[in-house]
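Protein chains: 6
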Amino acid sequence: SKDLEEILGAQKRHHQKVKDENPAGVVTGLAWTPVGGEVLFIETMSMPGNGATLITGQLGEVMQESAKIALSLLKSRLPIDFLPFKERDIHIHVPAGATPKDGPSAGITLFSALASLAMNKPIDSHIAMTGELTLRGDVEPIGGLKEKLFGAMRAGITKVLIPETNKADLKEVSEEVLDALEIIPVRTVEDVLRETLGITLPPIEMKMDPSIRFMI
Amino acid sequence: SKDLEEILGAQKRHHQKVKDENPAGVVTGLAWTPVGGEVLFIETMSMPGNGATLITGQLGEVMQESAKIALSLLKSRLPIDFLPFKERDIHIHVPAGATPKDGPSAGITLFSALASLAMNKPIDSHIAMTGELTLRGDVEPIGGLKEKLFGAMRAGITKVLIPETNKADLKEVSEEVLDALEIIPVRTVEDVLRETLGITLPPIEMKMDPSIRFMI
Amino acid sequence: SKDLEEILGAQKRHHQKVKDENPAGVVTGLAWTPVGGEVLFIETMSMPGNGATLITGQLGEVMQESAKIALSLLKSRLPIDFLPFKERDIHIHVPAGATPKDGPSAGITLFSALASLAMNKPIDSHIAMTGELTLRGDVEPIGGLKEKLFGAMRAGITKVLIPETNKADLKEVSEEVLDALEIIPVRTVEDVLRETLGITLPPIEMKMDPSIRFMI
Amino acid sequence: SKDLEEILGAQKRHHQKVKDENPAGVVTGLAWTPVGGEVLFIETMSMPGNGATLITGQLGEVMQESAKIALSLLKSRLPIDFLPFKERDIHIHVPAGATPKDGPSAGITLFSALASLAMNKPIDSHIAMTGELTLRGDVEPIGGLKEKLFGAMRAGITKVLIPETNKADLKEVSEEVLDALEIIPVRTVEDVLRETLGITLPPIEMKMDPSIRFMI
Amino acid sequence: SKDLEEILGAQKRHHQKVKDENPAGVVTGLAWTPVGGEVLFIETMSMPGNGATLITGQLGEVMQESAKIALSLLKSRLPIDFLPFKERDIHIHVPAGATPKDGPSAGITLFSALASLAMNKPIDSHIAMTGELTLRGDVEPIGGLKEKLFGAMRAGITKVLIPETNKADLKEVSEEVLDALEIIPVRTVEDVLRETLGITLPPIEMKMDPSIRFMI
Amino acid sequence: SKDLEEILGAQKRHHQKVKDENPAGVVTGLAWTPVGGEVLFIETMSMPGNGATLITGQLGEVMQESAKIALSLLKSRLPIDFLPFKERDIHIHVPAGATPKDGPSAGITLFSALASLAMNKPIDSHIAMTGELTLRGDVEPIGGLKEKLFGAMRAGITKVLIPETNKADLKEVSEEVLDALEIIPVRTVEDVLRETLGITLPPIEMKMDPSIRFMI
Ligand SMILES: [Ca+2]
Ligand SMILES: [Ca+2]
Ligand SMILES: [Ca+2]
Ligand SMILES: [Ca+2]
Ligand SMILES: [Ca+2]
Ligand SMILES: [Ca+2]
Ligand SMILES: [Ca+2]
Ligand SMILES: [Ca+2]
Ligand SMILES: [Ca+2]
Ligand SMILES: [Ca+2]
Ligand SMILES: [Ca+2]
Ligand SMILES: [Ca+2]
C-alpha cells in the first residue's frame, strides 16, 4: 500500500551509484544514514543575479551554515578583480529534494563544489570526500567514517578525502574497503584543492585596496 | 450538512479533465493523492517587476524548492543578453488554491512551464509529466507512477514523460493504461525540452562576460 | 454581559445590505458563513508609493494568495506603458476588520475590484460574484452556492456571477431565489470583465519590449 | 507584595483624565476594558526618514491593520504634490506602553490623529471618538458603546463621535451620560474630519499623473 | 555545583555600584527585580552606517518599543540640518548581556542616553532616573518606586528623576532614602533634559521643508 | 552503535589543544561546558561585500548579541577614513559547527578577533581570554573561571586575560594552574588591546564629520 514517502518523493530502491562524470560545480560527497553510508551530490550553479545565495534540498541549519562558511572562505581567497559574485546569484542544491539532511561534515565537499564552479573546472566524479570546514580553512573530524567508506566503495568511488584527525578511525575499516579506496587524509582547504582541482591557493591575505589601511 | 471544506473551496466532484489547450506558461502535471492519481496544472506568468518570484497554491517547502531549482536551471542556461528577468516578476501558481500540495515530483513540470513561458510557446495540453529535477538537470525517480498513469489516462492525456529510473515500475501498470498512453522515459532536462518544446538546450556553460575569468 | 467579541469589534446585529453604490475599486462579494450566506465588500485603493501591496482584514493564507493571483493577472494583461504600479502602492481590505476570513472563492471579486480601481470605473453595487480564479484566468468552482445566493437576495443583490462549473448546483436553489436574481455563469476572467465593466481584455500575450526575445 | 504588573509598568491607580490640550497628531480615543470604558491617546509623529511606519504600544494584529487602513486612506486623499511621506517616517504609539491593546474600533481615532499630524493642526482634547474605519472611508459599528460613553464622561470629555450605525445603542445609555456629552453620529471619514478639524476632503479620485491612464 | 546561570554569564555577587563617570551616551537607570531595586546602565553609541538601529541586552518587546519611542522623539525634535542619523548607525545596549529585561519604565533613561550621545555631552553618573515616556514627550508613572529608590541609594546615586505622577508613592519611602537622595519629579521630556543636560528643547514643531505644506 | 551526535558531527574524543599559531582574525577563547573548561576558537574573516555580517557556529541569541557589541565597538573607535566595512562583509564563525554555544563571556575574545582582522595582525595563539564586553568598553565578570583556567592549562595556553572583577575567584584555582598560567586581569577594552595586539586605542570620541554638530 502507498504511504507518505511516496507522495513526497521516490524511495531509493537501491544504493546510489556515482555518475561517469560530474559537470563543473558538482562534487560527490558522503553521508551517514541510519541504514549505512551513501554517496550524495553537492550541486552548485551560478546565474545572472545580484549576489544572492539560494540553498535548497531540505538542508538543516547546521548544513546551511556549512554552505555559508564554504562560500565565505572562497570569496575571501579569490583575487578581488576576478570576482563577479555581485552580478551573479549562487544556487546550492543537494538531491534528493524531499530528504532532510543536516550536519557539518559536507564542509569540504561544499567548498570543492563552489571552487569547481568558480574555476569552471570539473572534479573527477570518482573522488568523494567528507570533513567539517572551519572559517580559517582547517579540516575538522567527522563521524561515521567506517560506514561512509563502505558506502563509497559500494557506489564505485576510488579515492576519498578524509580529515587527518580521523586517521585513527581507519583501524575500524575492513581490509576490503581499504584495498578498494585510495584514502587521502587532509588537514586544510589547501590540501583539498590540491587533491581535487590540482591547484594551490595563494596564502591568506585580505584582498582590500592596498591604499586602504587600518590604523588603531 | 456544510463543513469546512466548503468554506475554503469547492470539493472536486469528479476527476479533472485536461483542457483543449494550455497557453504558453501552463503545463499539465501529475499528482498522487490518497484517492488516486490526478492531473494538475502548473501555471506560470510574468509581469512588469524587478526580478521577484511569487509562488501561490499552498505549496509546501519541498515543492517551493522545486520551483526555485527549475527557475535557477532555466536562468543559468538562457543566453544572458536575452534574459529580461530583472525587469519582470515571475508568478507560479498551482490550482486548486485551497488544496495543500508538496513533494519534488513536479520538478520537470515546473521547468517545462517556465521554459514555455520564456519562449512564449505553448506545450500540448495532452502531454503530462512527472519527475524530480536536480540542479544539474538530471531527472530523478518519483513515487506513485502506477496511480499517476491511470489518472493521466482517465483525464484524457495521450503522452507522459517519466524518469528513466522509473521504467521498472511500468511492469505494475495495466495493459489498458499502457495502450492508451505514449510513455517517454527521460534522463535529463534536455530530453524534457526536446519532447515538450521541440528544442535543444546549448551545453551547460557559465554565461559570464568572457573578459571575466577566475584564477585561483 | 460583555464578552471578547465586543472588545474586538461590533457584532453584526442584522444581515448586511448592499450600499446604493460602490466607488471605483470596491466590489460586492459573497461569503459562506456557518450561519448562512452574506455579502461582503472587497475594498481596493492606490496611493503614492513604490509598488508595495498591503492586505488587511484578517485574511487567511489562501485568501491572501487569491489577492496576489488577482493582482498578478491584472498586471500581466495591462499594456505596459499604462502601468504606474511601480509609483503607487495598492491596499486591499475586506471589512469587518476583526473577522477572520479565508478561502479562494473571492478570486474573481478581488480581480474585479482591482480592475475597477485601475480603470477608475465603478461596478454596480447590486452585482455580486463568487469564484476561484486561476493564474491563467479560468474561473473554478466554489462551495456553498445555495447559501451564498440566498444571502445575496436578502442583501438586495440583483445579479450574481457564478462559475460555470457550479451550474449543476443551481438545482438545489429555491425558486424564490432564482426569480429574484439574474445568474450569470462565467468561465474566464474575460467573461467577468465583460459582465462587470463592459470591457474586453486583449488576448494574453507577454508585454515585453519587442526588441527582447528569448532564444534557447 | 510586588507582582509582574509592577515590573512591566505602573498600574493605573485611578481612571485617566483628558489633558487640557493635545498637540497636533495626538487624539483622544475610547477603549472598552473588562473593568469599564476608558479614554486613551493615539499619538502620532513624523521625523526625517524614508517613508517607514513604526507602530508601538503593544498593539495587536487587528489594531495594527486599523493603523495601516487609516494611513492608506489619508495618503490616497492628499494632493500628491503636498505629500512628503517619502522623506519622513511616521511613528504611531498608544500609551500605556506595557498594556496590550487590540480591535478595530480605534479606526477613526487613528485617522484623525494622522490627519491632525499632516495638517499640523491640533484637535480639541475634549473630543473623543470610536468607530471602525473601512478603506472606502465608511464608519462601521463598534461594541461597548455604553461603557465607553460612561468612561468618556468620567474623564472629562464633552463631545463624542460614534458610528451612525450604533445610534440604536444609545437607548441603553443613562440620562446622566447623555446630558454630559454631545453625541455626534458619523457615517464617513468626511463627517469625522468636519467635526474634528473643521475641513472637507475633496471627493475621492486617484491622484495620479493625468498623463497616465489605464486602458484595458 | 555549577548551573546554567554560570554558563550564560556571571551572577552578580554584590549589588552594582555607579561608576565615577559615564561617557556621553551612557546613563544610569533603575530597575525593579524580584530581589530589590538595582541600578543599570543604558549604553548608546553611534558608528558609520546607514541609519540602522541595533538593540542588544536581551530586551523584551516592550522595552524595545521604549527604545524606538525615545529615538523617534529625539529625531522629531532635532533641527533637521544637524541630523546625521542617515549616515550613522545607532547601537543601544543594556548590560548584563545574559539577563532578560523588559518593561516601559526605562523610557526617559533611554531618551537621556540618546540625547547625551547626540550632543556628545556626558550626564553625571550619580543621576539616575525612571519613567515611561510617551511619544508626545509626557512622563508616565512606573511601578516599584520604593525599591528602586532604595537600590539607587545603595549604589551611590545622589539625585533621582521620577514621574510627577508617582509623587504619592514617596510616602512609602523611608526617611533614610529620602535624606540620601535628591528626588526630582518630572512631567515631560523637557523637564528631563533640563535636569540632565541643562538644556531646553525648542517647542514641538514638524521640521519639514517650509516650502512643503499639507492642504486638505 | 551510532547515534545522532555522529550524524551531526564528530564527537570530540580528547580535549582540544591550541594550534601553534592563529592567523590574523582568529583568537583563542575559553568555554565552560558541563564536563569542564575547554578552549575554542573565534574565527573572523572579511570578503568583498556590502557591509553585511554573517554569524555561524550555532551561536545562541546572547552570543550573537556579543558579536554585534564587539563589532559596533570596533566600528565606533576606528578612524572613519580607514573603515572599508561598507565594501566588505564580515563573517564570524565558532567551530565546532554542530555544537550549540551561548553566553556573553566571549565578548572580549570576539572583539580581539575583529581587531586582529582589522589590523591584519595575528595574536599569539597561546593567549586565551574570557570576559563580557559592554558597549562602553568595560569588561564585566564571567562564570566558571576555575574550570576555564584548568582547561586553558591543559590545552597549552600560557597567558589568560580575565575580568578584573573576577580576581576574587582566583582563590578557588589550584596552585598548579596558577603556576602554569600568566593571569592578566583587565578592566577595559583598552587593556585587552594592549595585552593582545600591543596597541592603544585613541580615547572615545564620535568620528563624525567635524562640520556636523548637534544643537538642541
Ligand atoms: Ca524544512
Ligand atoms: Ca587503499
Ligand atoms: Ca500554508
Ligand atoms: Ca503506449
Ligand atoms: Ca491573523
Ligand atoms: Ca433569475
Ligand atoms: Ca506582543
Ligand atoms: Ca447630550
Ligand atoms: Ca530573547
Ligand atoms: Ca532628599
Ligand atoms: Ca539554532
Ligand atoms: Ca602564574
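Residue numbers (the numbering used here), protein chains in the order written: chain A, 1 to 216; chain B, 1001 to 1216; chain C, 2001 to 2216; chain D, 3001 to 3216; chain E, 4001 to 4216; chain F, 5001 to 5216.
Glycine included, C-beta positions come from ideal geometry on N, C-alpha and C.
If you're wondering where the values come from, they're calculated on a predicted model, not measured in any experiment.
Based on the DSSP secondary-structure assignment, which residues constitute the bridge partners of D:Arg-3088? Your numbering for residue 3088 of chain D matches position 88 in the fourth sequence. D:Arg-3088 is bridged to D:Pro-3048.
Excluding sequence positions up to five away, which residues of its chain have a Cβ less than 7 Å from the Cβ of B:Gln-1016? Taking the second sequence and counting its residues from 1, one reaches residue 1016 of chain B at position 16. Answer for B:Gln-1016: Glu-1038, Val-1039, Ala-1155, listed in chain order.
With a Cβ-Cβ cutoff of 8 Å, do B:Ile-945 and B:Ser-1112 count as a contact? In the structure as shown, chain B starts at 1001 and stops at 1216, and residue 945 of chain B therefore has no counterpart that could be examined.
Starting from the C-beta of A:Leu-193, find all residues in its chain whose C-beta is less than 8 Å away, skip the five residues before and the five after it, and write them out in chain order. Residue mapping note: residue 193 of chain A aligns to position 193 of the first sequence, counting from 1. Only Ser-112, Ala-115, Ile-199, Thr-200, Leu-201 meet the Cβ criterion.
Give me the chain A residues within the contact set of F:Val-5026, using Cβ-Cβ distance strictly less than 7 Å, ordered along the chain. Translated into positions along the sixth sequence, residue 5026 of chain F becomes position 26. The contacting residues are Arg-136.
is_contact[F:Gly-5107, chain A] using C-beta, thresh 8 Å: Reading the sixth sequence from its first residue, position 107 is the one you call residue 5107 of chain F. No, no contact with chain A.
Name the residue from A:Gly-131, A:Asn-120, A:Leu-133, A:Pro-84 whose alpha carbon lies nearest to the alpha carbon of A:Asn-22. Mapped onto the first sequence, residue 22 of chain A falls at position 22. The shortest Cα separation from A:Asn-22 among A:Gly-131, A:Asn-120, A:Leu-133, A:Pro-84 belongs to A:Asn-120.
Range of the contiguous beta strand (DSSP E) that encloses D:Thr-3130: Within the fourth sequence, residue 3130 of chain D is the residue found at index 130, counting from 1. For D:Thr-3130, no beta strand (DSSP E) run applies, since DSSP gives it neither H nor E.
CA-to-CA distance, A:Pro-84 to C:Ile-2055, given in whole angstroms: Within the third sequence, residue 2055 of chain C is the residue found at index 55, counting from 1. Within the first sequence, residue 84 of chain A is the residue found at index 84, counting from 1. When only Cα atoms are considered, C:Ile-2055 and A:Pro-84 end up about 38 Å apart.
Does any CB atom of chain B fall closer than 8 Å to the CB of C:Lys-2159? Taking the first residue of the third sequence as 1, we reach residue 2159 of chain C at position 159. C:Lys-2159 does not count as touching chain B.
Near C:Ser-2125, what residues of its chain come up, given a Cβ to Cβ distance below 7 Å and the 5 sequence neighbours on each side ignored? Along the third sequence, read from residue 1 onward, the residue named residue 2125 of chain C stands at position 125. Counting only Cβ-Cβ distances below 7 Å, and skipping sequence neighbours, we find Val-2018, Lys-2019, Asp-2020, Glu-2021, Asn-2022, Thr-2028.
From the DSSP output, in three-state form, read off E:Asp-4003 for me. Here residue 4003 of chain E refers to the residue found at position 3 when the fifth sequence is read from its first residue. Because the pLDDT at E:Asp-4003 is just 44, under 50, the model does not fix this residue reliably, and the value given afterwards should be weighed accordingly. DSSP places E:Asp-4003 in coil when its eight states are reduced to three.
Distance, Cα to Cα, D:Val-3136 vs D:Ala-3152? For the purposes of this step, residue 3136 of chain D is taken as the residue at position 136 of the fourth sequence. For the purposes of this step, residue 3152 of chain D is taken as the residue at position 152 of the fourth sequence. According to the sequence as given, residue 3136 of chain D is Arg; it is not Val. If you take the alpha carbons of D:Arg-3136 and D:Ala-3152, they lie about 28 Å apart.
Could you say which of B:Lys-1146, B:Gln-1064, B:Glu-1176 lies nearest to B:His-1093 if we only look at CA atoms? Translated into the one-based positions of the second sequence, residue 1093 of chain B becomes position 93. For the residues B:Lys-1146, B:Gln-1064, B:Glu-1176, the minimum Cα distance to B:His-1093 belongs to B:Gln-1064.
Going by beta-carbon coordinates alone, are A:Glu-132 and A:Lys-159 separated by less than 8 Å? Counting from 1 along the first sequence, the entry for residue 132 of chain A is found at position 132. Counting from 1 along the first sequence, the entry for residue 159 of chain A is found at position 159. The answer is no: Cβ separation not under 8 Å.
What residues from the stretch 3119-3147 of chain D come within 8 Å of chain E, judged by C-beta to C-beta, listed N to C? So the close ones are Met-3119, Asn-3120.
Give the single residue among D:Lys-3101, D:Leu-3078, D:His-3091, D:Lys-3148 whose Cα lies nearest to the Cα of D:Val-3177. Residue 3177 of chain D sits at position 177 when you count from the first residue of the fourth sequence. If we check each option's Cα against that of D:Val-3177, D:Lys-3148 comes out closest.
Is E:Val-4035 helix, strand or coil when you go by DSSP? Residue numbering aside, residue 4035 of chain E sits at position 35 when the fifth sequence is read from its first letter. Coil, per DSSP.
Closer than 8 Å, CB to CB, is A:Lys-75 near chain F or not? The residue labelled residue 75 of chain A in the question sits at position 75 within the first sequence. A Cβ of chain F is located within less than 8 Å of the beta carbon of A:Lys-75.
Which chain C residues sit within Cβ distance under 7 Å of D:Ser-3066? Along the fourth sequence, one-based indexing puts residue 3066 of chain D at 66. Correct list: Gly-2097.
Beta carbon proximity, E:Leu-4110 to chain F, threshold 8 Å: Stepping through the fifth sequence from its first residue, residue 4110 of chain E is reached at position 110. E:Leu-4110 has a beta carbon lying at 8 Å or more from every beta carbon in chain F.
Determine, for B:Glu-1043, whether the minimum Cβ-Cβ distance to residues of chain C falls below 8 Å. Taking the first residue of the second sequence as position 1, residue 1043 of chain B is located at position 43. Answer yes: the Cβ-Cβ gap between B:Glu-1043 and chain C drops below 8 Å somewhere.
Reduced DSSP category for F:Leu-5114 - H, G, I as helix; E, B as strand; rest coil: Counting from one through the sixth sequence, the residue named residue 5114 of chain F turns up at place 114. For F:Leu-5114, the three-state secondary structure derived from DSSP is helix.
Going by beta carbon distance, what residues of the same chain come within less than 7 Å of C:Asp-2169, once the five residues before and after it are set aside? Position 169 of the third sequence, counted from the first residue, corresponds to residue 2169 of chain C. Closer than 7 Å at Cβ, skipping near neighbours: Leu-2145, Lys-2146.
Decide if F:Val-5062 is buried, meaning its Cβ has at least 16 other Cβ atoms within 10 Å, or exposed. Against the sixth sequence, residue 5062 of chain F aligns to sequence position 62. Counting Cβ neighbours within 10 Å, F:Val-5062 comes out buried, since at least 16 surround it.
By how many angstroms is the C-alpha of F:Lys-5171 removed from the C-alpha of F:Val-5035? As a position in the sixth sequence, residue 5035 of chain F is number 35, starting the count at 1. As a position in the sixth sequence, residue 5171 of chain F is number 171, starting the count at 1. Going from the Cα of F:Val-5035 to the Cα of F:Lys-5171 covers about 21 Å.
Beta carbon proximity, A:Gly-91 to chain B, threshold 8 Å: For the purposes of this step, residue 91 of chain A is identified with residue 91 of the first sequence, where counting begins at 1. It should be noted that the sequence gives His, not Gly, for residue 91 of chain A. True, the Cβ-Cβ gap to chain B drops below 8 Å.
Using only the alpha-carbon positions, how far apart do F:Asp-5089 and D:Gly-3107 sit? On the sixth sequence, residue 5089 of chain F is found 89 positions in, with the first residue counted as 1. On the fourth sequence, residue 3107 of chain D is found 107 positions in, with the first residue counted as 1. For F:Asp-5089 and D:Gly-3107, the distance between alpha carbons rounds to 44 Å.
Along the stretch 2044-2061 of chain C, what residues have a CB closer than 9 Å to any CB found in chain B? Going along the stretch 2044-2061 of chain C in chain order, one finds Gly-2051, Gly-2060, Glu-2061 with a Cβ nearer than 9 Å to chain B.
What residues match up with C:Thr-2053 in a beta bridge as DSSP calls it? For this step, residue 2053 of chain C is matched to residue 53 along the third sequence. According to DSSP, C:Thr-2053 bridges with C:Ile-2090.
Inter-residue spacing [alpha-carbon to alpha-carbon] between A:Thr-196 and A:Ala-118: Counted from its first residue, the first sequence places residue 196 of chain A at position 196. Counted from its first residue, the first sequence places residue 118 of chain A at position 118. Going from the Cα of A:Thr-196 to the Cα of A:Ala-118 covers about 14 Å.
Going by DSSP, what residue range makes up the alpha helix (DSSP H) through F:Lys-5146? Taking the sixth sequence and counting its residues from 1, one reaches residue 5146 of chain F at position 146. Per DSSP, F:Lys-5146 is one residue of the alpha helix (DSSP H) stretching across 5145-5155.
Per DSSP, which one or two residues make a beta bridge with E:Asp-4042? Mapped onto the fifth sequence, residue 4042 of chain E falls at position 42. Note that residue 4042 of chain E corresponds to Ile in the displayed sequence, not to Asp. E:Ile-4042 is bridged by DSSP to E:Val-4027.
Which bits of chain E does F:Ser-5072 rub up against, with CB to CB less than 7 Å? Counting from 1 along the sixth sequence, the entry for residue 5072 of chain F is found at position 72. The contacting residues are Met-4045, Met-4047, Leu-4054, His-4091.
Rounded to whole angstroms, what is the Cα-Cα separation between E:Ile-4080 and E:Leu-4074? The residue you call residue 4080 of chain E lines up with position 80 of the fifth sequence. The residue you call residue 4074 of chain E lines up with position 74 of the fifth sequence. Per-residue confidence for E:Ile-4080 stands at a pLDDT of 48, beneath the threshold of 50, marking its modelled position as unreliable; no derived number is given.
Specify, as a first and last residue, the run of the beta strand (DSSP E) that C:Glu-2182 falls within. Stepping through the third sequence from its first residue, residue 2182 of chain C is reached at position 182. Counting along the chain, C:Glu-2182 sits inside the beta strand (DSSP E) bounded by residues 2182-2186.
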